[in-house]
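In what follows, a single structure is set out as structure tokens and then discussed.
Numbering (the working numbering), first residue to last: 38 to 288.
Printed below as a string of structure tokens:
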């Protein structure tokens, strides 16, 4: 399906149509102005800016990006990891197209997401040509064994699928500790957060048990800021924790 969105004095105008056989579509009665075109229904959404002139008819030919990325997530021993999520981020803004079509903005400021299948494989579709950064993170039970990968730089060529990418999850590290109040009593049910300084979005959260203990799992080597919060208490000051490759668990 194809939709158009535009801002008017009455708010956002929204129109939708179906792509017909042969790839044609039509929006009758559009007023001149700037519109956002959204294409849904075959892979990830593609968004484009379109300037509609003051003319009886506008005919355009749209070309959707056909680049792709396929690969495998493995552990340090080369075994497939079936519980992993992947994030692909553009490393730079693409060049804007000229003419009436305006700019293709589907990937601008966007993170694309995928998950591994039962064989540890993943794929991304409808990617613009350019340079990207790929990160894999364990989920579910895999967080107890694996840590997030190092960011991997990949290049996507125009309308080509890059295959055979292999990204490795290192062995998991953990931060364990106890949350106490000002009198030294353990605090149960507190939310504890660890945020990596070097890698955006990396970290973990946990809840303390009846003894105030917590364990933050699935962490990669690096420096983390750890803090805790609970209703009725002021948020704790952050503490730094350094995890080395051979650390196992930091306390």
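All C-beta atoms in this analysis are idealised placements derived from N, C-alpha and C, irrespective of residue type, glycine included.
Of all C-beta pairs linking the region 193-204 to the region 263-275, fewer than three are shorter than 8 Å, placing the two stretches out of contact. The region 176-191 makes no contact with the region 215-227; the number of CB pairs closer than 8 Å stays below 3. A Cβ-Cβ separation of about 11 Å leaves residue 182 out of contact with residue 211 under the 8 Å criterion. Minimum Cα-Cα distance from residue 174 among the listed residues 150, 97, 167, 163 corresponds to 150. Here residue 181 carries a helix assignment [DSSP, helix/strand/coil].
Here DSSP, grouped into helix, strand and coil, assigns residue 71 to strand.
Between residue 208 and the set 86, 116, 154, the nearest pair of CA atoms involves 116. Around the beta-carbon of residue 91, fewer than 16 other beta-carbon atoms lie within 10 Å, marking it exposed. With contacts defined by Cβ atoms closer than 8 Å, residue 206 and residue 148 do not form a contacting pair. The beta carbon of residue 275 sits closer than 8 Å to the beta carbons of 262, 263, 264 from its chain, once the five residues preceding and following it are set aside; these are given in chain order. Taking 8 Å as the cut-off, the Cβ atoms of residue 198 and residue 157 do not count as close. Going by beta carbons, residue 162 and residue 128 fall outside the 8 Å limit.
DSSP, reduced to helix, strand and coil, places residue 55 outside both helices and strands of the structure shown, so it counts as coil. Residue 216 is positioned such that its CB atom lies closer than 8 Å to that of residue 245.
For residue 161, the uninterrupted beta strand (DSSP E) segment begins and ends at 158-164. Taking all protein chains in view, the Cβ of residue 172 is crowded by 16 or more other Cβ atoms within 10 Å, so the residue is classified as buried.
Just so you know, the alpha carbons of residue 231 and residue 165 end up roughly 34 Å apart.
Restricting attention to 73, 57, 89, 118, the CA atom closest to the CA of residue 51 is found in 73. Taking 8 Å as the upper bound for CB-CB distance, residue 155 and residue 119 are in contact here, some 5 Å apart. Listed as beta-bridge partners of residue 260 by DSSP are 279.
Within the same chain, and ignoring the five residues on either side of residue 249 in sequence, the residues whose Cβ sits closer than 7 Å to its Cβ are 215, 216, 217, 223, 224, 225. Cβ-Cβ distances below 6 Å link residue 242 to 230 in the same chain, with the five nearest sequence neighbours on each side left out; the list follows chain order. When C-alpha distances from residue 124 are compared across 204, 97, 96, 87, the shortest belongs to 204. In the three-state DSSP reduction, residue 199 falls in the strand class (E or B).
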